[in-house]
Amino acid sequence: MDLLQGTLDLLILRAVSTGQLHGLGISRRIHQMTSGTFDVKPGSLFPAVYRLEEQGWLTSTWGESENKRRAKFYAITAAGRRQLQQEVKTWARLAAAMAQALES
Amino acid sequence: MMTRLVRLLSALRRLWSPARAERELNEEMLAYLDLLAAEYESAGVPPDEARRRARLSVGGIESVKESVRDVRAGAMVEQLVSDLRYALRTLRRTPAFAVAVVLTLGFGIGVNTSVFTVLNAVLLAPLPYERPEELVDIGHRLRAGTAMEGTAIGISSAERGLWREAAALFQGAEVSRRGVPLAWRERDVDLSVGALTAGLPALLGIEPQVGRMFTAQEVEMRAPVLVISDALWARAFDRELNVVGLDLTLAGSKLTVIGVMPASFRYGPGGSGSVDAWVGFQDGRDPSAGTTSVFRLRTGLTLVAAQPLAEETARRIQDVHPPSEPWTPVLYPIDSERSAMRENQGTAFMLLLLATTAVLLAACANIANLFSARNAGRRHELAVRAALGATRLRLARLMLIEGIVVSILGGVIALLFASWTIDVVVALMPTRLSAGLFSVSAPDMNWRVLTYTALLTAVVATLSALWPAVRGSGITLRPALADGSAVAGVSRERRHLSATLQTIQVVLALVLVTAAGLFGTSLFRMLTVDPGFDPQGLMTLSIELPAGPYAKADAQHLAASDALRVVRSVPGVQLAALGNSPPSTLSGRFVRSGAKDATGSLAIRYADDAYFTTTRVPLRAGRWFGPDDTSTSMPVAIIDDAAAAALFPSESPIGQRFKYSPYVPELTIIGVVGAVAASDFNTGSRRFGMYLAKSQAASRFHTFVIRTDGDEAVVLRSVRTALETWEPGIKVSRAAAVAQQYEELGTFAAPRLVLALVGLFAAMALATAAVGVYGMLAYAVGQRAREIGVRLALGSSTRGIRRLVVTDALKPVSVGLIVGASSRSDSGPESRMTHARRACCLIQSVNVDSEWEPDARAMTAVTTSASVVSSS
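Read top to bottom, the protein sequences are chains X and A. The first sequence begins at 17 in the working numbering and counts up one residue at a time. The second sequence begins at 35 in the working numbering and counts up one residue at a time.
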């Protein structure tokens, strides 16, 4: 299923909000969180991750993966958390509004 | 705020070490692949298959990297730098292409810049004074509203004083007097010395660049001081600062230089005529001949608002000084000379600018064509870049940047070229012309010119790079990657467009070449034309008799014949006569006896009985002036045969009577002589020659025409010495060879200049057309390489292919030639022959140059295709 514009950023922030992840990890986490509805390809994942890092919402460090491979890990920053809360609220309002609109 | 700082830092870091950012990006991608492969492996897939699947799922690492690069902060700058580097590398790889494009643009922009520089100096540059719109002069309008309405320019010093008191109107009024030649003893040359009131520079808002201006007290006391012009400072003193305090001996009196005026004051406050130095002017005491007033209106007062105030003041003035004829005041802006020039020559300059712009536009189109042709050859490379993840925008930008790079290089060449051409053009101009044209401002490359060039360069860059960029970036991957050349060749409408462009260019080039040819022919005819007299060995010299002993007419006539005897006695002088040098004439209007209106303009010269034998002007009818034509006999005149044919088409002019001015008695025509070329015969104004008897006009001024078979300079010097010995009080001036006078008047220099310019444009248009044909052909051959290969494989001969390519190229060229050659409808059969010959030269030059190379390309295509055919 295709992602709505802007929802990818929200999903990435949500994915790393519980702990740092590398690129593939973020992709897998989103897959798991959405019960397989969204499968984020590297072609959209990495530009988004880089953009979020440029915004100051993610930081990255080089570390070791579960199978001892050197990889780049992303963690959420304080600003990222604030942004996440903000976007969650916006999303909730949007979802409620959409639901109401579609029900009536 | 914070995030912006973070972005900026990360951008800076990456610009600082781009390699590290790239390395990390690469490693991250590899890690992703490894981790994904590991996932597949743990699910039981064999290692090799796991890696393959991982790669498939990622779908092109390079493409992912490219999209990451696009979002990074500073990505624009980063890509710009890399595109710039890439563009420079590409251009370096094809130096011939780069040089051709840069030079074409450089010349195109350069010619535009030079024309604009001249236009700017002549028409646009404001007078270099403070608030020049406030500066005016006053004239008297007489007999307003009647048929005899006229305006007298120049006011008396008493009247000026009254105007100056009109404080509601003017802030101040000052005076300048035009230059008179004074002998400068130390350098043995004449200096043109004008005069100024002490307050004039302050009124204009300028001050001496070195030293100081003389004070009102110094002028009052007639202190022996003067200020010099910037031109004289540069010419005679090498801009040495110690010129201040130097003594010059001018016309026998010693004067001290106290200041140097700025360059903007070269030619006096609004008029023309160069002045080398200025002395003090005492308004009211010094003679007012040749003076000009400069008034400064009160700030904020417009000419229209000032007019009623001026009329009121004028009434008061006329109450105080009752005039012989009532008048109303006219306020002129002192820039009015230039306003007239703007009207007369503005259109010509604009047309010139348009013509050069047209050539430049054609050049742009060509360069767009060349870029397209080259991009066609780069399809494969571009396709590879697209496959690696470059977006269409990115590719377009890459090509756009190439266009911008060559345009900027072209702009730099243009500035160099323009500064050089302006020097050449100004040097080619006769001094009188350039002094008139550039009386306000020298043709400098100032900020206005630089802005114009920059704008032009930007437009050129856009025009020449945008279209190929848009076209070239839209690449369909599969066919481009598959073989790099389209099967179908060039689209029909694209070929039409190209061909039309070509035709227009060939027409343009041919018209310009034809114009250059015609100019050349007429210039040649002008230089070889019979001038109507024999200029070989003919010289002229003027004298002014001192006023004291020669105040009476009898004494003047006697002195004239004495002086003529002295001149004739000088060794080396073959013949001598009294009368004007052929190029220097007076103006008059021909009004027949009894007629009301003038029927022609006259160029008037004085002549005595020996004048026509000395100048070798032939007699056609009637008689020459003789000893019986005296101040007491009937006033007589001689006209030239052109005048006789035009003014008396059906009767003999001999015995007819006319006036050349309302203030002179009627003259009777006694003879007709051959016409002499006037100095202005290239300007189109038609003036008929008319001669007055020198013996009937008394004057203290006399001009001689002298013929020698010896060295002109030597004989002139001896004549001068002999005359000065005969009467030490006389002033000798304007001693020169007549041929040299024509040269100085610019009779031939102006057409030579036009010829040079038109020739230059023609050469440019020709080069442009050649480049255009080349570009189109190269493109077409590139596009049709495969078709040519197929034709060859099917048995076409090399000659056949060549014929195919050349015929296609010749079509637009020949249409252009036909249109261009018929552009002059009034040409006779022989001149059509000349056209035909020129057209042939054009065909040869364009086609031989441009077709050789594409032919070579066609043949390469042939060999390549042949090898493909044989191997499959």
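Just so you know, even glycine gets a beta-carbon here, dropped at the ideal spot from N, CA and C. The structure presented is a predicted model; accordingly, all values stated were derived computationally and were not measured.
Check	Outcome
Validate contact between the stretch 69 to 78 of chain X and the stretch 87 to 96 of chain X using beta carbons, cut 8 Å, 3 pairs	yes
Distance between Leu100/X and Thr106/X (C-alpha atoms, nearest Å)	10 Å
Distance between Ile46/X and Gly39/X (C-alpha atoms, nearest Å)	11 Å
Neighbour-count burial assignment, Asp310/A, 16 or more Cβ in a 10 Å radius	buried
Ser226/A, DSSP secondary structure in three states	strand
Contacting residues, own chain, Cβ-Cβ under 7 Å from Arg273/A (five flanking each side not counted)	Trp267
Backbone secondary structure at Ala430/A - three-state DSSP	helix
Chain X contacts made by the stretch 54 to 84 of chain A, where a contact means CB separation under 7 Å	Glu62, Ala65, Tyr66, Asp68, Leu69, Leu70 and Ala72
7 Å Cβ cut-off: residues of chain X touching Ser97/A	Gly59
Chain-ordered neighbours of Tyr66/X on chain A, where CB pairs are closer than 8 Å	Val102, Val105 and Arg106
Paired residues, beta bridge with Glu80/X - DSSP	Arg86/X
In DSSP terms, what Ala175/A is bridged to	The sequence shown places Arg at residue 175/A, not Ala. Bridge partners of Arg175/A: Thr185/A and Thr362/A.
Cβ neighbour criterion (16 or more within 10 Å) applied to Arg57/A	exposed
Ala87/X at chain A interface by Cβ criterion, 7 Å	yes
Nearest residue (CA-CA) to Arg599/A, options Ala610/A, Gln590/A, Ala589/A and Gly606/A	Ala610/A
For Met49/X, the three-state DSSP class (helix, strand or coil)	helix
Three CB pairs or more closer than 8 Å across the stretch 417 to 428 of chain A and the stretch 452 to 461 of chain A	no
is_contact[Phe62/X, chain A] using C-beta, thresh 7 Å	yes
Neighbouring residues, chain X, relative to Val92/A (Cβ below 9 Å)	Lys57, Pro58 and Gly59
Boundaries of the alpha helix (DSSP H) in which Gly144/A is found, first to last residue	Pro129 to Leu153
Interface partners of Leu100/X on chain A, CB under 9 Å	Residues of chain A passing the Cβ test: none, with the nearest at roughly 15 Å.
Contact check, Thr391/A vs Ser210/A, beta carbons under 7 Å	no
Alpha helix (DSSP H) segments (min. 4 residues) lying fully within the stretch 53 to 86 of chain A	none
For Arg330/A: DSSP bridge partner residues	Leu169/A and Gly206/A
Interface partners of Glu47/X on chain A, CB under 9 Å	Before going on, a small fix: residue 47/X reads as His here, not Glu. Near His47/X there are no residues of chain A at all, since even the closest Cβ is about 12 Å away, more than 9 Å.
Completely contained alpha helix (DSSP H) runs for the stretch 247 to 288 of chain A, where each covers 4 or more residues	250 to 254 and 264 to 271
Secondary structure of Arg866/A, DSSP reduced to three states	The pLDDT assigned to Arg866/A is 44, lower than 50, so where the model puts this residue is not dependable, and the model offers no usable value.
7 Å Cβ cutoff, Leu26/X in contact with chain A	no
Opening and closing residue of the alpha helix (DSSP H) in which Ala611/A lies	No alpha helix (DSSP H) holds Ala611/A; the beta strand (DSSP E) holding it covers Val607 to Leu612.
Whole-angstrom distance between Gly96/X and Ala117/X, CA atom to CA atom	31 Å
Within-7 Å CB hit, Leu40/X to chain A	yes
Three-state class that DSSP yields for Pro928/A in the structure shown	Because residue 928/A is not part of the residues shown, which for chain A are 35 to 906, the question remains open.
Contact list for the stretch 103 to 117 of chain X against chain A, Cβ threshold 9 Å	none
Candidates Ala476/A, Ser263/A and Thr185/A, of which the one nearest Val460/A by Cα	Ala476/A
Of the residues Leu122/A, Thr485/A and Gln243/A, the one placed nearest Thr147/A, counting alpha carbons only	Thr485/A
Test item: CB-CB of Leu636/A and Phe624/A under 7 Å	yes
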